[in-house]
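Trainee: Let me give you the structure first, and then I'll get to my questions.
Number of protein chains: 2
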Amino acid sequence: MARNASLSGFPELLPEERLVEQHVLDTLRRTFELHGFSSIETRAVETVGQLLRKGEIDKEVYALSRLQDDDGNTASAAKGDPNQLALHFDLTVPFARYVVENAGYLSFPFRRYQIQKVWRGERPQEGRYREFTQADIDVVADGVLPFRYDVELALVIAEALSALPLPAFKLRINNRKLAEGFYRGIGLTDTAGVLRSIDKLEKIGAGAVAGLLKSELDASDEQAEKALALASIRTEDTSFVEQVRALGVTDELMEEGLNELEQVIAAAVKSAPGSVVADLSIARGLDYYTGTVYETVLVGHEQLGSICSGGRYDALASKGNRKFPGVGLSIGVTRLVARILSQEFAKASRSVPTAVLVALADEDSWSEAQEVAGALRARGISTEVAAKADKFGKQIKYADKRGIPYVWFTDDDGAHQVKDIRSGEQVAADPGTWMPPAEDLKPAIVVA
Amino acid sequence: MARNASLSGFPELLPEERLVEQHVLDTLRRTFELHGFSSIETRAVETVGQLLRKGEIDKEVYALSRLQDDDGNTASAAKGDPNQLALHFDLTVPFARYVVENAGYLSFPFRRYQIQKVWRGERPQEGRYREFTQADIDVVADGVLPFRYDVELALVIAEALSALPLPAFKLRINNRKLAEGFYRGIGLTDTAGVLRSIDKLEKIGAGAVAGLLKSELDASDEQAEKALALASIRTEDTSFVEQVRALGVTDELMEEGLNELEQVIAAAVKSAPGSVVADLSIARGLDYYTGTVYETVLVGHEQLGSICSGGRYDALASKGNRKFPGVGLSIGVTRLVARILSQEFAKASRSVPTAVLVALADEDSWSEAQEVAGALRARGISTEVAAKADKFGKQIKYADKRGIPYVWFTDDDGAHQVKDIRSGEQVAADPGTWMPPAEDLKPAIVVA
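Here the protein sequences line up with chains H and D, keeping their order.
Quick note: the first sequence uses the working numbering, first residue 7, plus one each step.
Quick note: the second sequence uses the working numbering, first residue 7, plus one each step.
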């Protein structure tokens, strides 16, 4: 990613960079599967009607049209056609659609992970892409989803992030019931409007947010002050409960949110001490969340924005009277990998999977060399055979350029030798038994 | 895939089906990496100019436009704009573009595999999708690519297909130089035209192809007869060479093609006996191939079409005077997985990764249960913790419904027991040392 993408916002990796990305993806997959999440993928496209189902979307969407329609004309999107196809902009909305469509085939609560690309037609800037990979986990129930999943998902995601080659992170957690109940308790009834204003806190500052609350929502000085006081609470333990109570507001919904957030924070702090914070400023904009909300920043890289966000959504999916409430989080893989690469948090020990190059003494030995290679591969050793019987020096250079650690030689009498081209050490070896040291078997991801 | 896709041509899998797909993808990745291929991915979109670079495309392309352009209007594709973005329809054209753009950062010959989705706006039918996954391997050189790679790639792909839960396959190989040289040798100079007609052989039959050759290419009866005689040659060894010579045509290019095809067939037959055939009818339509061409059918499932195709392309990528010739093959993963599922060639032993469910005796024991689960996961055992302290019967039913083989119980004294819910056997167990039998650790792919 040192190079500029040839199409702005559509990054592409070199092979040695892709190895780091694969390491991240493999680590996430392993962690999610260890916690009993099943893999699914959804199609890349949804109908615009589906994407807009929860009201206006604040994401830029790419619509699709066939380049040549059936009459041979250039096709264009029919304005406002809900059956128009478009690329998905996240994995939550498609997942909700998948759950409703396949409810008869799934066991609820349904735990799934989903690692796929998503697309947004936004103006590209650092940390923002038009094509990027998300890694999501969600649990969805048929009817009622126990609150405990809100706690569990924080633990899973903290474990997943801890397993990646990243600096420390802060998982910032809030609860919309707490915030909405509090706003109601101080007499601000347009709670969605207050959330939208509070969401701008980090961008525009407290003074400007107070202005918005007063001008757009008719808040009094005192109301604005209280709303901002709530949003200023940040604790790395459950002491936020006392701080909220000290503001002297009573509301039933607020109490429910306080209790939920207390449970999440207590368990998460125990499991990932120092990485979790109750942050009562987190609002998550226009999203569909109804309770717990999560955001995550890398310590020292806060300007990168949230690398992992999500929350509880009780009303995203339904089928007639049936409700499918869920809770989930989404990791921004591309943003993380870009940062790992640009900051050299980790790099691959070589650019190719190959551990051994089987050299050719002459052109006629290619077929025998294939047999040596086959014997090595049978034990999981990645092996290439030279394509031409060039001078040995040239064949060794081929390996050296790629970081391939071993070159295999077979002489006219069929005697085998293997050379570690880093040390120059060369020893007799049997293709049926020789193994490289474990650290040379595969490209390693070396953490800085 | 037993269910109908809710959007025609865009299949989606259930979790237990996805496990079979993951097995196929993991097997391909392992095989490709064992042979020293590096993973890359390219962006999903290319400019229409790039997609059309090699002349007219016979694939239906999906163009992209932002749903709302900057003026808030519905955007539509500007007719004929070469900078219009569109979804890629294969992985070879994007790979060629990637090689040219990154030539300064790659080591040539460059071996890569690429497993990604591609999109085609075609009319969906059995075995044809609008969104599907391809798994490609290619080797590309800077300047000259030794012919031996044409041989090697046939071996790698035969090994990859053999490792999948599939019936026998036939890798059918031909060489365009052989065919073009032969046509030239009998006086048919529009060799591309002849190839296009021969390509229709399986669909319309020999009589109709002869008619086309005569009406569209002014072939004489004798020329049409000879062209069809060549296309009728099929041998499972190198005896095709004699059969071609028996047709009495001489041409230099034909000789080159004969020699190349002989080398590929000799090595491939040795490596994968019974799975390889020299088939002189293979033409590969409008594609960009210049030498070896490959196609693959599943024996007994020929109507599925080719499941793996490719060839040598000497002129797809260039940068000024620099040429990047390549050879590669593409496996149609979605088509294969759909067939594996519909014919039940293989299925997953359970639908979830989970091996153990840790049951809850009461609500207060959730935190301790998380510790048991953590100890099990540390040894690679996929573990879930019950979300609620339901009656044990209900918790066991949760496991049973999903095929989770073991349920873990902790009594008030902290004594641990694990129950195999299939046999009912229950034994004392230590969370720090207990292991399930290897066959229960992960969902297995059971081959029929």
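Backbone N, C-alpha and C fix where the C-beta goes; we use that ideal spot for every residue, glycine too.
Compare the C-beta of Phe101 of chain H with all C-beta atoms of chain D and state if any pair is closer than 8 Å.
Mentor: Numbered from its first residue, the first sequence carries residue 101 of chain H at position 95. Not an interface residue.
Trainee: Tell me whether Gly187 of chain H is buried or exposed, calling it buried when 16 or more other Cβ atoms sit within 10 Å of its Cβ.
Mentor: The residue given as residue 187 of chain H occupies position 181 in the first sequence. When all chains shown are included, Gly187 of chain H counts as buried.
Trainee: For the alpha helix (DSSP H) containing Ser371 of chain D, name the first residue and the last one.
Mentor: Looking up residue 371 of chain D in the second sequence gives position 365. Run containing Ser371 of chain D: none; DSSP gives neither H nor E here.
Trainee: Name the one or two DSSP bridge partners that Ala118 of chain H has.
Mentor: Numbered from 1 along the first sequence, position 112 holds the residue referred to as residue 118 of chain H. It should be pointed out that residue 118 of chain H corresponds to Arg in this sequence rather than to Ala. Arg118 of chain H is bridged to H:Ser44, H:Asp144.
Trainee: Mind checking Thr298 of chain H: buried by the 16 CB within 10 Å criterion, or exposed?
Mentor: On the first sequence, residue 298 of chain H is found 292 positions in, with the first residue counted as 1. It is buried - the Cβ of Thr298 of chain H has at least 16 other Cβ atoms within 10 Å.
Trainee: Suppose you measure from the CA of Ser226 of chain H to the CA of Val200 of chain H; what does that come to, to the nearest Å?
Mentor: The residue labelled residue 226 of chain H in the question sits at position 220 within the first sequence. The residue labelled residue 200 of chain H in the question sits at position 194 within the first sequence. Roughly 13 Å between the two C-alpha positions.
Trainee: Is DSSP giving Thr33 of chain H helix, strand or coil here?
Mentor: Position 27 of the first sequence, counted from the first residue, corresponds to residue 33 of chain H. Here Thr33 of chain H sits in helix by DSSP.
Trainee: By the three-class DSSP mapping on this structure, what secondary structure does Pro449 of chain H have?
Mentor: In the first sequence, the residue the question calls residue 449 of chain H occupies position 443. Residue state, collapsed to three classes: coil.
Trainee: Compute the distance between the beta-carbons of Val145 of chain H and Leu159 of chain H, then report whether it is under 8 Å.
Mentor: The residue labelled residue 145 of chain H in the question sits at position 139 within the first sequence. The residue labelled residue 159 of chain H in the question sits at position 153 within the first sequence. Taking 8 Å as the Cβ cut-off, Val145 of chain H and Leu159 of chain H qualify as a contacting pair.
Trainee: Output yes or no for whether 8 Å exceeds the beta carbon distance between Val282 of chain H and Arg240 of chain H.
Mentor: Residue mapping note: residue 282 of chain H aligns to position 276 of the first sequence, counting from 1. Residue mapping note: residue 240 of chain H aligns to position 234 of the first sequence, counting from 1. Not in contact: Val282 of chain H and Arg240 of chain H (Cβ atoms no closer than 8 Å).
Trainee: Is the beta carbon of Lys183 of chain D closer than 8 Å to that of Glu266 of chain D?
Mentor: Against the second sequence, residue 266 of chain D aligns to sequence position 260. Against the second sequence, residue 183 of chain D aligns to sequence position 177. Taking 8 Å as the Cβ cut-off, Glu266 of chain D and Lys183 of chain D qualify as a contacting pair.
Trainee: Check the DSSP bridge columns for Lys325 of chain H and list the partner residues they point to.
Mentor: Locating residue 325 of chain H in the first sequence gives position 319, counting from the first residue. H:Arg328, per the DSSP bridge assignment.
Trainee: Could you confirm whether any beta carbon from chain D is found closer than 8 Å to the beta carbon of Tyr412 of chain H?
Mentor: Taking the first sequence and counting its residues from 1, the one referred to as residue 412 of chain H is at position 406. Not closer than 8 Å to any Cβ of chain D, the Cβ of Tyr412 of chain H fails to qualify, so no.
Trainee: What does Pro359 of chain H touch in chain D if you count any residue whose Cβ is under 8 Å from its own?
Mentor: On the first sequence, position 353 is the one that residue 359 of chain H refers to. Within chain D, the residues near Pro359 of chain H are Glu39, Leu40, Gly42, Phe43, Ser44.
Trainee: What's the C-alpha gap between Gly380 of chain H and Tyr412 of chain H?
Mentor: Here residue 380 of chain H refers to the residue found at position 374 of the first sequence. Here residue 412 of chain H refers to the residue found at position 406 of the first sequence. Answer to the nearest angstrom: the Cα atoms are 16 Å apart.
Trainee: Work out the CA separation of Ile179 of chain H and Gly317 of chain H for me, nearest whole Å.
Mentor: As a working note, residue 317 of chain H is residue 311 in the first sequence. As a working note, residue 179 of chain H is residue 173 in the first sequence. Using only the alpha carbons, I get a separation of about 9 Å.
Trainee: Within the same chain, show all residues whose beta-carbon is closer than 7 Å to that of Pro437 of chain H, passing over the 5 residues directly before and after it, in chain order.
Mentor: Within the first sequence, numbered from 1, the residue matching residue 437 of chain H stands at position 431. These residues qualify, in order along the chain: Val378, Ala381, Leu382, His422.
Trainee: Let me confirm a value: Glu47 of chain D is counted as buried when at least 16 other C-beta atoms fall within 10 Å, else exposed. Which label applies?
Mentor: Looking up residue 47 of chain D in the second sequence gives position 41. With 16 or more Cβ atoms within 10 Å of its Cβ, Glu47 of chain D is classed as buried.
Trainee: Assuming Asp257 of chain H and Arg356 of chain H are in contact, meaning their beta carbons sit under 8 Å apart, how far apart are those beta carbons, in whole angstroms?
Mentor: Stepping through the first sequence from its first residue, residue 257 of chain H is reached at position 251. Stepping through the first sequence from its first residue, residue 356 of chain H is reached at position 350. Not quite, the Cβ-Cβ distance comes to about 60 Å (not below 8 Å), so this is no contact.
Trainee: Is Thr296 of chain D close to chain H, meaning its C-beta is less than 8 Å from at least one C-beta of that chain?
Mentor: Indexing the second sequence from 1 puts residue 296 of chain D at position 290. It does not; no Cβ of chain H falls within 8 Å.
Trainee: Compute the Euclidean distance between the alpha carbons of Thr37 of chain H and Val162 of chain H, then round it to the nearest angstrom.
Mentor: For this step, residue 37 of chain H is matched to residue 31 along the first sequence. For this step, residue 162 of chain H is matched to residue 156 along the first sequence. The alpha-carbon atoms of Thr37 of chain H and Val162 of chain H are separated by roughly 8 Å.
Trainee: Check for me: the alpha helix (DSSP H) holding Ser221 of chain D runs from which residue to which?
Mentor: The residue you call residue 221 of chain D lines up with position 215 of the second sequence. First-last of the alpha helix (DSSP H) with Ser221 of chain D: 207-223.
Trainee: Determine the contact status of Asp196 of chain D and Leu234 of chain D, defining contact as a CB-CB distance below 8 Å.
Mentor: Your numbering for residue 196 of chain D matches position 190 in the second sequence. Your numbering for residue 234 of chain D matches position 228 in the second sequence. In this structure, Leu234 of chain D does not lie closer than 8 Å to Asp196 of chain D by Cβ.
Trainee: CA-CA distance, Asn327 of chain D and Leu25 of chain H?
Mentor: By 1-based counting over the second sequence, the position of residue 327 of chain D is 321. By 1-based counting over the first sequence, the position of residue 25 of chain H is 19. Between Asn327 of chain D and Leu25 of chain H, the C-alpha separation is close to 31 Å.
Trainee: If you measure between the beta carbons of Thr244 of chain D and Ala272 of chain D, is that distance less than 8 Å?
Mentor: What you label residue 244 of chain D is simply residue 238 of the second sequence in a count that begins at 1. What you label residue 272 of chain D is simply residue 266 of the second sequence in a count that begins at 1. Against a cut-off of 8 Å, the Cβ pair of Ala272 of chain D and Thr244 of chain D comes out as a contact.
Trainee: Does the beta-carbon distance from Leu335 of chain H to Tyr300 of chain H come in below 8 Å?
Mentor: For the purposes of this step, residue 335 of chain H is identified with residue 329 of the first sequence, where counting begins at 1. For the purposes of this step, residue 300 of chain H is identified with residue 294 of the first sequence, where counting begins at 1. In this structure, Tyr300 of chain H lies closer than 8 Å to Leu335 of chain H by Cβ.
Trainee: Does the segment 93-113 of chain D come close enough to the segment 99-111 of chain H that 3 or more CB-CB pairs lie under 8 Å?
Mentor: Verdict: no, contact absent.
Trainee: Can you give me, in chain order, the residues of the segment 24-35 of chain D that have a beta carbon less than 7 Å from any beta carbon in chain H?
Mentor: Under the 7 Å Cβ criterion, the segment 24-35 of chain D contributes Arg24, Gln28.
Trainee: Let me check you understand the geometry: is the CB of Gly42 of chain H closer than 7 Å to at least one non-hydrogen atom of the ligand NAD?
Mentor: With respect to the ligand NAD, the structure offers nothing, as it holds no ligand at all.
Trainee: Listed in chain order, which residues of the segment 297-322 of chain H have Cβ atoms closer than 9 Å to some Cβ of chain D?
Mentor: Going along the segment 297-322 of chain H in chain order, one finds no residue with a Cβ nearer than 9 Å to chain D.
Trainee: Rounded C-beta distance between Gly474 of chain H and Gln140 of chain H? I'm assuming under 8 Å.
Mentor: In this structure chain H extends from 7 to 454, so residue 474 of chain H is not present and cannot be described.
Trainee: Are any of the Cβ atoms in chain D nearer than 8 Å to that of Leu342 of chain H?
Mentor: Stepping through the first sequence from its first residue, residue 342 of chain H is reached at position 336. No - not a single Cβ of chain D is within 8 Å of the one on Leu342 of chain H.
Trainee: So who's on the other strand from His422 of chain H, going by DSSP bridges?
Mentor: Taking the first residue of the first sequence as position 1, residue 422 of chain H is located at position 416. Note: His422 of chain H sits in a beta bridge opposite H:Thr416.
Trainee: Take Ser238 of chain D as the anchor and find which of D:Ser203, D:Asp285, D:Gln269, D:Gly133 has the nearest alpha-carbon.
Mentor: Against the second sequence, residue 238 of chain D aligns to sequence position 232. Among D:Ser203, D:Asp285, D:Gln269, D:Gly133, the Cα nearest to that of Ser238 of chain D is on D:Asp285.
Trainee: Comparing the C-beta of Thr48 of chain D with each C-beta of chain H, is any distance below 8 Å?
Mentor: Within the second sequence, the letter at position 42 stands for residue 48 of chain D. Yes, its Cβ sits closer than 8 Å to a Cβ of chain H.
Trainee: Going by DSSP in three states, Gln428 of chain D sits in which element: helix, strand or coil?
Mentor: By 1-based counting over the second sequence, the position of residue 428 of chain D is 422. The amino acid at residue 428 of chain D is misidentified as Gln; the sequence shows Arg. Here Arg428 of chain D sits in coil by DSSP.
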